[in-house]
Structure formats: C-alpha cells, structure tokens
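Step one of this worksheet: look at the structure below.
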Amino acid sequence: YENGGGAFLIPYFILLCLIGRPIYYLELILGQFSGRGPVKVWKCVPAIKGLGFAQLLSTSYIAIFYNYLMAISIYYFIASFSPTLPWTNCDKSQSLNVSCPEYYYERIVLNKSDGLWDLNSISMELIGCLFVSWTLVYLSIVKGITSLGKVAYFTAIFPYVVLITLLAVSLTQDGAINDAIIISVLDTFTSLLAGCVIFSVLGTMANEKGVEIKDVVTSGTGLAFIAYPEGLSKIKFLPQLWSILFFFMLFTLGIGSSVAMIETILTCIKDEFESLHEHKAKLALTFCVLFMLLGIPLTTDAGSYIMLLLDNYGVGTAAFLYGIIQIVAISYIYGLRNFIDDIHFMLKRKPSLYWKLTWGFITPTVLATIFIYGNVLIIKEERIKPGIPNWGDHIGYVLGMFFFISFRILQIVIIILFSRSGNHSDSIMDVDNH
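Start counting the sequence shown at 24; every next residue gets the next number (this note's numbering).
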C-alpha cells in the first residue's frame with residue numbers, strides 16, 4: 024500500500040521483464056558455463072574481479088540480518104507452545120491504539136525504541152535465539168545438509184498450504200532460460216499469494232479498528248510478524264499447531280538460504296587460499312561466531328533501525344551497482360557477441376532478440392536511472408524511514424561505500440599483480456573465452 028497498492032503491479036511486471044529476468048538468466052549462464060564461484064567467475068574480465076568480493080560483502084550483510092529474522096522466528100516458534108497464543112491478548116495495546124500482534128512484536132519481542140539514537144537495552148532472549156540459529160547453521164555446514172534436503176520437500180509445499188489456508192480464513196472476516204522463466208514466474212506467484220494473504224488480514228484489522236489500511240501497521244520486514252500471527256490466531260482449529268508449523272517453516276526456509284550464503288563465502292575464500300581447504304570446520308566456526316557477534320546490535324531496542332540501514336544501503340543500494348557493473352562488464356568488456364556464442368555453445372541455440380536488447384542496452388540503462396533517481400530521493404527527503412536521523416543516513420552511506428572501496432582497492436591490487444608478473448596493465452581488460 025506504500026507504493027500505490029494494486030497499481031504497483033504494473034511497474035513490478037515491467038521491471039521483472041526488463042531487469043529481473045535478464046540479470047537472473049545472465050547469472051545462471053555465467054555460473055553454469057564457467058563452473059566457478061562469484062569471484063573466480065570474473066576471470067573472464069579480470070579488471071572487475073573485485074566485484075565478486077564486494078558481492079560477498081553484501082552477502083555477509085544479508086547473512087547477519089537473515090539470522091536475526093530467523094532468531095525472531097525461533098522466538099515465535101517457542102511462544103506458540105503457550106496454551107493461548109501470546110499475541111492474541113495484550114490489554115495495553117488498546118491504550119496505544121495498536122493491534123495485539125503489533126504490540127507483541129514491537130513492545131514484547133523487540134522492545135522497539137523511538138529511533139536509531141535511542142539505544143538503551145538488549146534482549147537476552149533474542150541473543151539466545153540468535154545463538155541457536157547460528158549453531159544450527161554451523162552444524163548444517165559441518166555435518167552436511169542432507170537432513171535439510173529431506174525437509175526441503177516439506178518446506179517447498181507447506182508454505183502454499185499455509186498461505187492458501189490463511190487466505191481462506193482471512194477472506195471470511197469482515198474487511199537457465201527455462202529455469203529463469205519458471206523461477207521468476209513462481210517467485211511472482213508466491214509474492215502475489217503472500218500479498219493477498221497479508222492484505223486480507225490487514226483489511227480485517229483496519230475494519231476492526233475503523234481506520235485506513237495504511238494506518239494499521241507500518242510496512243517493512245516486521246509486517247510478516249504482525250499480519251501472519253494475526254491470521255494464524257483467526258484459525259479456530261488448534262491455532263497453536265498452525266503457528267508452530269508456520270514458524271518452523273519460516274526457520275527451515277531461512278536456514279537453507281543462510282547455509283547457502285555461508286557456503287558461498289567459504290567456497291570463495293577456499294578457492295583463493297587453497298591451504299584452507301582442509302580446515303572447513305574451523306573456517307565455518309570462525310565466520311559463524313563472527314557474524315553472530317556482529318548480529319548482536321540487532322538484538323537491541325534499536326535493532327530494527329540498524330537492520331533497515333543494512334538492508335537499504337548495504338544490500339539494496341549496492342545491488343543496483345552490482346547489476347550495472349556486471350552487465351556492462353559482460354556486454355561491453357567481455358563482449359555481448361562472445362557471451363552469446365558461449366550460450367550457443369552450451370545450449371545449442373542462440374538467445375532471442377529480447378535477451379540481446381535487454382543485456383546490451385535496456386537493463387543497464389533502467390538500472391542506472393533507478394539508482395540515480397532513488398539516491399536523489401533519499402538525499403532530497405533527508406531520511407529513508409522514520410526513526411533514522413540524518414547521521415544514520417551517513418552511516419548507511421558508509422556501509423554502501425564499503426562496496427565501492429573494496430572494489431577499487433582490489434582493482435588496484437590486481438593491476439599491481441599484473442605489473443609485477445611482467446604483463447602490461449592493459450592486459451587486465453583482456454577477456455578469457457575459456
């Protein structure tokens with residue numbers, strides 16, 4: 024509702040075709056053809072090898088706050104074993120003019136402060152849940168994720184069962200190219216289904232309070248921990264069981280993604296430093312402990328604002344730069360014709376005109392336009408969200424600048440290494456077609 028309600032679907036589908044599918048397909052081809060990770064894959068364009076390390080930095084940001092969200096899921100999972108769901112009865116919420124689920128999430132779980140500047144306490148319960156989350160991630164990496172693979176069949180189907188069930192309950196209240204296409208379509212369908220569920224619940228909450236939907240709750244990551252618990256509480260048959268299954272599902276989905284992110288980081292490091300191949304367990308323990316410690320600030324009463332900075336600047340803003348740089352590198356340095364020949368060699372067919380136009384011109388142009396426009400809006404409005412002061416925006420820009428700094432430093436290092444090896448510095452722009 025913050026972005027125009029149903030009208031949002033129009034730019035969503037347009038950008039899915041102009042940005043989402045082209046970049047996703049490009050990355051699928053890069054990974055499948057080269058058989059390398061996000062760092063080694065740029066052997067085809069040595070000048071931007073630093074992009075792979077910068078992407079790992081953003082992956083680290085995501086892993087940190089992803090496990091924080093998993094910790095909240097664990098918190099709700101444990102709370103769901105109560106005889107009465109704790110977010111269904113909050114007397115104080117009436118005086119604050121908020122719903123019980125919102126009061127429970129912001130006041131009980133997060134103990135949310137007034138802003139980034141208002142940091143007073145830390146939640147030992149969330150730290151405990153964060154420890155459990157990272158411990159399970161570590162064990163999954165070291166012991167293997169075979170058991171998680173068995174759970175994947177459940178987690179792939181159960182979300183749709185829960186979402187369709189919640190939608191039905193809420194509506195009764197008052198108020199490679201084939202892979203690229205299939206995954207983007209399924210992702211869109213899932214997003215629309217989840218959106219229908221959330222908005223049907225928000226409509227009920229708005230009707231009960233007699234206000235507009237935009238005045239019910241503030242949009243953001245926490246919306247799922249407000250709307251879904253509200254919907255779960257509406258199920259008359261064993262709502263505790265549905266709540267337990269739902270938050271178990273959230274956690275298992277999260278741990279699969281988290282393990283993949285940590286494995287990606289470890290693989291890239293081991294590829295660069297082959298001597299570490301025999302020390303996977305120690306390396307995994309080091310990163311899990313490090314990321315858990317870095318995630319502790321998120322468990323404070325200002326943690327939701329810190330996560331907002333990580334998400335908007337460390338991940339969101341940087342993602343546009345990653346997309347622009349990688350698509351320009353492939354289309355104009357490696358060469359779009361070379362890339363198309365690689366696809367023809369691998370798939371025995373050449374991509375259509377749609378892919379050539381998007382990779383060669385449309386996608387980088389649209390990405391650059393949105394990136395510039397978005398940052399101008401942030402500067403003009405002086406803040407990205409309530410609770411983030413001007414100096415908070417500056418911290419966010421520092422987080423985002425880590426990308427550019429690491430990228431440039433590694434570029435300089437590569438130039439120096441090429442020079443010392445007796446190669447002319449221009450050779451870093453040479454492409455490797457193998």
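Glycine included, each C-beta is placed from N, C-alpha and C at the ideal position.
query: Are phenylalanine 274 and tyrosine 99 closer than 7 Å when you measure CB to CB?
result: Within the sequence shown, residue 274 is the residue found at index 251, counting from 1. Within the sequence shown, residue 99 is the residue found at index 76, counting from 1. Not closer than 7 Å, so no.
query: Unbroken alpha helix (DSSP H) runs of length 4 or more, entirely within the region 357 to 386: which are they?
result: 359 to 370 and 376 to 380
query: Does DSSP put threonine 107 in a helix, in a strand, or in coil?
result: As a first step, residue 107 must be located in the sequence shown, where it is residue number 84. In this structure, threonine 107 counts as coil in the three-state DSSP scheme.
Endpoints, alpha helix (DSSP H) assigned at threonine 275: In the sequence shown, counting from the first residue as 1, residue 275 sits at position 252. Where threonine 275 is concerned, the enclosing alpha helix (DSSP H) stretches over 262 to 295.
task: Could you pull the start and end residues of the alpha helix (DSSP H) that valine 160 belongs to?
output: Within the sequence shown, residue 160 is the residue found at index 137, counting from 1. 147 to 166 is the extent of the alpha helix (DSSP H) around valine 160.
task: Count the CB pairs spanning the region 154 to 167 and the region 298 to 310 that are closer than 8 Å, and state whether there are at least three.
output: yes
query: Quick one: what's got a C-beta closer than 8 Å to leucine 79's C-beta in the same chain, skipping five residues either side?
result: Position 56 of the sequence shown, counting from 1, holds the residue named residue 79. The answer, listed in chain order, is Pro61, Val62, Thr287, Ile288 and Cys291.
task: Note the first and the last residue of the continuous alpha helix (DSSP H) segment covering arginine 44.
output: The residue you call residue 44 lines up with position 21 of the sequence shown. Element bounds for arginine 44: 44 to 57.
- prompt: Taking the continuous alpha helix (DSSP H) assigned at isoleucine 329, which residues delimit it?
  reply: Along the sequence shown, read from residue 1 onward, the residue named residue 329 stands at position 306. It spans 326 to 332 - the alpha helix (DSSP H) in which isoleucine 329 sits, taken as one unbroken run.
- request: Would you kindly work out how many angstroms separate the C-alpha atoms of cysteine 113 and leucine 331, rounded to a whole number?
  value: Here residue 113 is taken as the residue at index 90 of the sequence shown, counted from 1. Here residue 331 is taken as the residue at index 308 of the sequence shown, counted from 1. Taking the straight line from one Cα to the other gives about 27 Å.
query: Which residues in the same chain as tyrosine 84 place their Cβ atom closer than 7 Å to its Cβ, once the five residues preceding and following it in sequence are excluded?
result: Numbered from 1 along the sequence shown, position 61 holds the residue referred to as residue 84. Closer than 7 Å at Cβ, skipping near neighbours: Leu333, Gly337 and Val338.
- request: Note down, in chain order, each residue of its chain lying with its Cβ closer than 6 Å to the Cβ of isoleucine 353, except the 5 sequence neighbours on either side.
  value: To locate residue 353, count along the sequence shown from 1; it is residue 330. Excluding positions up to five away in sequence, the list reads Phe362.
query: If serine 103 sits next to isoleucine 267, beta carbons under 8 Å apart, how far is it from one beta carbon to the other, in whole angstroms?
result: In the sequence shown, residue 103 corresponds to position 80, counting from 1. In the sequence shown, residue 267 corresponds to position 244, counting from 1. With a Cβ gap of about 5 Å, serine 103 and isoleucine 267 count as contacting.
query: For tryptophan 157, does the count of other Cβ atoms within 10 angstroms reach 16, so buried, or fall short, so exposed?
result: In the sequence shown, the residue the question calls residue 157 occupies position 134. So tryptophan 157 counts as buried.
query: Under 7 Å between the Cβ atoms of leucine 51 and isoleucine 348?
result: Position 28 of the sequence shown, counting from 1, holds the residue named residue 51. Position 325 of the sequence shown, counting from 1, holds the residue named residue 348. Cβ distance not < 7 Å, so leucine 51 and isoleucine 348 don't count as in contact.
message: For proline 124, which residues in the same chain have their Cβ closer than 7 Å to its Cβ, ignoring the five residues on either side in sequence?
response: Along the sequence shown, read from residue 1 onward, the residue named residue 124 stands at position 101. Excluding positions up to five away in sequence, the list reads Trp110, Ile249, Pro252 and Glu253.
task: Name the residue from Ala342, Leu299 and Ile319 whose alpha carbon lies nearest to the alpha carbon of alanine 77.
output: Start at 1 with the first residue of the sequence shown, and residue 77 comes out as number 54. The shortest Cα separation from alanine 77 among Ala342, Leu299 and Ile319 belongs to Ala342.
Threonine 381 to asparagine 143 span [Cα, whole Å]: Taking the sequence shown and counting its residues from 1, the one referred to as residue 381 is at position 358. Taking the sequence shown and counting its residues from 1, the one referred to as residue 143 is at position 120. Threonine 381 and asparagine 143: Cα-Cα distance of roughly 49 Å.
query: Once you ignore the five residues that flank lysine 293 on each side, which residues in its own chain have a CB closer than 8 Å to its CB?
result: Your numbering for residue 293 matches position 270 in the sequence shown. Excluding residues within five positions, the ones whose Cβ falls inside 8 Å are Leu299, His300, Lys303 and Leu306.
- prompt: Near leucine 398, which residues of its chain fall below 8 Å by C-beta distance, leaving aside the five closest residues on each side in sequence?
  reply: Taking the first residue of the sequence shown as position 1, residue 398 is located at position 375. Residue identity differs from the one stated: residue 398 is asparagine in this sequence, not leucine. These residues qualify, in order along the chain: Thr340.
field: Residues sharing a beta bridge with threonine 392, DSSP
entry: Looking up residue 392 in the sequence shown gives position 369. Note: threonine 392 sits in no beta bridge, so no partner.
message: Less than 7 Å between the C-beta atoms of leucine 139 and glycine 318, yes or no?
response: The sequence position of residue 139 within the sequence shown is 116, counting from 1. The sequence position of residue 318 within the sequence shown is 295, counting from 1. No. Outside cutoff.
Closest Cα partner of methionine 284 within the set Ile395, Met147, Thr82 and Arg44: In the sequence shown, the residue the question calls residue 284 occupies position 261. Among Ile395, Met147, Thr82 and Arg44, the Cα nearest to that of methionine 284 belongs to Thr82.
- request: Rank Phe384, Met369, Pro412 and Phe394 by C-alpha distance to the C-alpha of glycine 54 and give the top, closest one.
  value: One-based indexing of the sequence shown puts residue 54 at position 31. Out of Phe384, Met369, Pro412 and Phe394, Met369 has the C-alpha closest to the C-alpha of glycine 54.
- prompt: The alpha helix (DSSP H) spanning serine 83 covers which residue range?
  reply: Looking up residue 83 in the sequence shown gives position 60. 72 to 102 is the span of the alpha helix (DSSP H), which, as asked, contains serine 83.
task: Would you mind giving the Cβ-Cβ distance between methionine 93 and serine 281, rounded to the nearest angstrom? I have them listed as a contact below 8 Å.
output: Here residue 93 corresponds to residue number 70 of the sequence shown, with the count starting at 1. Here residue 281 corresponds to residue number 258 of the sequence shown, with the count starting at 1. The pair is a contact, with the Cβ atoms about 7 Å apart (cut-off 8 Å).
field: Cβ neighbours of arginine 406 in the same chain (closer than 8 Å, five flanking residues each side left out)
entry: By one-based count along the sequence shown, residue 406 stands at place 383. The predicted position of arginine 406 is uncertain, since its pLDDT is 48 and thus under 50; a value taken from the coordinates is nonetheless stated next. The residues are Pro412, Asn413, Gly415 and Asp416.
field: Proximity below 7 Å, CB of threonine 309 to CB of isoleucine 42
entry: What you label residue 309 is simply residue 286 of the sequence shown in a count that begins at 1. What you label residue 42 is simply residue 19 of the sequence shown in a count that begins at 1. Cβ atoms of threonine 309 and isoleucine 42: not closer than 7 Å.
field: Exposed unless 16 or more other CB atoms sit within 10 angstroms - verdict on leucine 264
entry: Position 241 of the sequence shown, counted from the first residue, corresponds to residue 264. Exposed, by the Cβ-count rule.
query: Where glycine 151 and threonine 323 are concerned, what is the direct C-alpha to C-alpha distance, given to the nearest angstrom?
result: Translated into positions along the sequence shown, residue 151 becomes position 128. Translated into positions along the sequence shown, residue 323 becomes position 300. Looking at the two C-alpha atoms, the distance is approximately 13 Å.
task: Measure the alpha-carbon distance for isoleucine 356 versus isoleucine 418 and round it to whole angstroms.
output: Stepping through the sequence shown from its first residue, residue 356 is reached at position 333. Stepping through the sequence shown from its first residue, residue 418 is reached at position 395. Isoleucine 356 and isoleucine 418: Cα-Cα distance of roughly 33 Å.
field: Reference isoleucine 95; option with closest CA among Leu321, Pro45 and Asp141
entry: Here residue 95 refers to the residue found at position 72 when the sequence shown is read from its first residue. Here the closest residue by C-alpha is Leu321.
message: Measuring only the C-alpha atoms, how far is cysteine 311 from tyrosine 377?
response: As a first step, residue 311 is located in the sequence shown; it is residue number 288 there, counting from the start. As a first step, residue 377 is located in the sequence shown; it is residue number 354 there, counting from the start. Computed Cα separation, rounded: 42 Å.
field: Identity of the residue in Met315, Tyr89 and Tyr47 nearest tyrosine 345 by Cα
entry: The residue given as residue 345 occupies position 322 in the sequence shown. The option with the nearest alpha carbon to tyrosine 345 is Tyr47.
- prompt: Where does cysteine 67 land, buried or exposed, given buried means 16+ other C-beta within 10 angstroms?
  reply: Here residue 67 corresponds to residue number 44 of the sequence shown, with the count starting at 1. So cysteine 67 counts as buried.
query: How many Å lie between leucine 38 and leucine 261 at the Cα?
result: Translated into the one-based positions of the sequence shown, residue 38 becomes position 15. Translated into the one-based positions of the sequence shown, residue 261 becomes position 238. One C-alpha to the other measures close to 41 Å.
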